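**Student:**
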Ligand code: SF4
Ligand code: SF4
């Protein structure tokens, strides 16, 4: 099945397979296999960046979806009797489970899926009824001798005992409503308005990553937002202007709250 693997690897995408029934969230007629893959999206931090990388990029469904649909079309040409369905979201599979079960990734102490391309990756998959088995050797993690992510976590969300999601800044910055003073202080300390990349940045499996081969014009990356950017925008306008960003679906109020917390301090 090298021919199937090649379609992914020539685009710089790792791939592995897992039986659909081991990872399915809802049934899909005839599907037996998940081809799970990962799109690297790392880029070096920009000056004053206050949005986590995934949120600074335009919606990955667009460019990742295009690649997966192209691969699915090529597979259909090779195997016209079979079905190939590309997903980058709303998938009938548990993507994280598929990545871990297939050997595409291993789970780190930072609670992330770590692949041979690191953990700055978006997961996507092609579901098929083709009898195909693509094995993969997950990266060998040495978390017990490392612990860097636990030490670097700014709010104690990572511990030797496990992940405390309610303390994670990726969760807190995206949570709706009023925050406690403790949560607001955690945002001030971390200086990020949306998300948090600390536990990925310090992980040795992300050391020396090349800027990802996502073909984006540089001005499509939006590293920073300020309260001034939001001034005078209705919620509808905010959603419209930023519709291509991962934070837009939450609406203006959540981002504005976070920026107020950050800028309160800056302005004394
Ligand atoms: S994303 Fe940030 S706050 Fe959440 S676990 Fe990682 S380092 Fe901690
Ligand atoms: S930083 Fe170290 S302990 Fe944390 S996930 Fe990476 S290798 Fe494991």
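In my numbering, the protein residues as written are 15 to 282.
Backbone N, C-alpha and C fix where the C-beta goes; we use that ideal spot for every residue, glycine too.
Remember, predicted model here, so these are calculated numbers, not experimental data.
Closest to residue 146 by CA distance: which of 250, 49, 20, 263 is it?
**Tutor:** When 250, 49, 20, 263 are compared, the shortest CA-CA separation from residue 146 is found for 49.
**Student:** Counting only runs of 4+ residues fully inside the region 230–263, write out the alpha helix (DSSP H) ranges in chain order.
**Tutor:** Within the region 230–263, the complete alpha helix (DSSP H) runs of at least 4 residues are 241–244, 249–255.
**Student:** Where does the unbroken beta strand (DSSP E) through residue 127 begin, and where does it stop?
**Tutor:** 127–129
**Student:** Alpha carbon to alpha carbon, how far is residue 246 from residue 123? Give it in angstroms, no decimals.
**Tutor:** 42 Å
**Student:** Excluding the 5 residues flanking residue 85 on each side, which residues of the same chain have their C-beta closer than 6 Å to its C-beta?
**Tutor:** 21
**Student:** Which word fits residue 202, buried or exposed, when buried means at least 16 other C-beta atoms lie within 10 angstroms of its C-beta?
**Tutor:** exposed
**Student:** Identify the continuous alpha helix (DSSP H) that holds residue 136 and give its terminal residues.
**Tutor:** Element bounds for residue 136: not the alpha helix (DSSP H) but the beta strand (DSSP E), 135–142.
**Student:** Going along the chain, which residues of its own chain have a beta-carbon closer than 6 Å to the beta-carbon of residue 273, five neighbours each way excluded?
**Tutor:** 207, 241
**Student:** Spatial neighbours of residue 264 within its chain, please: C-beta separation below 8 Å, excluding the five flanking residues on both sides.
**Tutor:** 188, 190
**Student:** Can you list, in chain order, the residues of its chain with a C-beta nearer than 7 Å to that of residue 93? Leave out the 5 residues immediately preceding and following it.
**Tutor:** Once the five neighbours on either side are set aside, the close Cβ partners of residue 93 are 144.
**Student:** Are there 16 or more other CB atoms within 10 angstroms of the CB of residue 151, so buried, or fewer, so exposed?
**Tutor:** It counts as exposed.
**Student:** Note down the Cα distance separating residue 88 from residue 23, rounded to an integer number of angstroms.
**Tutor:** Taken atom to atom, the span from the alpha-carbon of residue 88 to that of residue 23 is near 14 Å.
**Student:** Short check: CB of residue 260 to CB of residue 69, under 7 Å?
**Tutor:** Going by C-beta atoms, residue 260 is nearer than 7 Å to residue 69.
**Student:** Residue 138 and residue 102 - do their beta-carbons sit closer together than 7 Å?
**Tutor:** yes
**Student:** So what does DSSP say about residue 87, is it helix, strand or coil?
**Tutor:** In the structure shown, residue 87 adopts helical secondary structure according to DSSP, grouped into three states.
**Student:** Between 148, 256, 74, 183, which lies nearest to residue 213 when the distance is taken from Cα to Cα?
**Tutor:** Residue 213 has its Cα closest to that of 183, out of 148, 256, 74, 183.
**Student:** Assign residue 146 to one of three DSSP states: helix, strand, or coil.
**Tutor:** coil
**Student:** Using a 10 Å radius around the Cβ and a threshold of 16 neighbouring Cβ atoms, would you call residue 159 buried or exposed?
**Tutor:** Residue 159 is exposed by the Cβ-count criterion.
**Student:** Less than 7 Å between the C-beta atoms of residue 116 and residue 171, yes or no?
**Tutor:** no
**Student:** Would you call residue 318 buried or exposed, if buried means 16 or more other Cβ atoms sit within 10 Å of its Cβ?
**Tutor:** One cannot answer for residue 318 here, as it falls past the ends of the chain, which runs 15 to 282.
**Student:** Indicate the three-state DSSP secondary structure (helix, strand or coil) for residue 32 in the structure shown.
**Tutor:** strand
**Student:** In its own chain, which residues sit with a C-beta less than 8 Å from the C-beta of residue 15, not counting the 5 before and 5 after it?
**Tutor:** 146, 147, 148, listed in sequence order.
**Student:** Quick check on DSSP: helix, strand or coil for residue 74?
**Tutor:** helix
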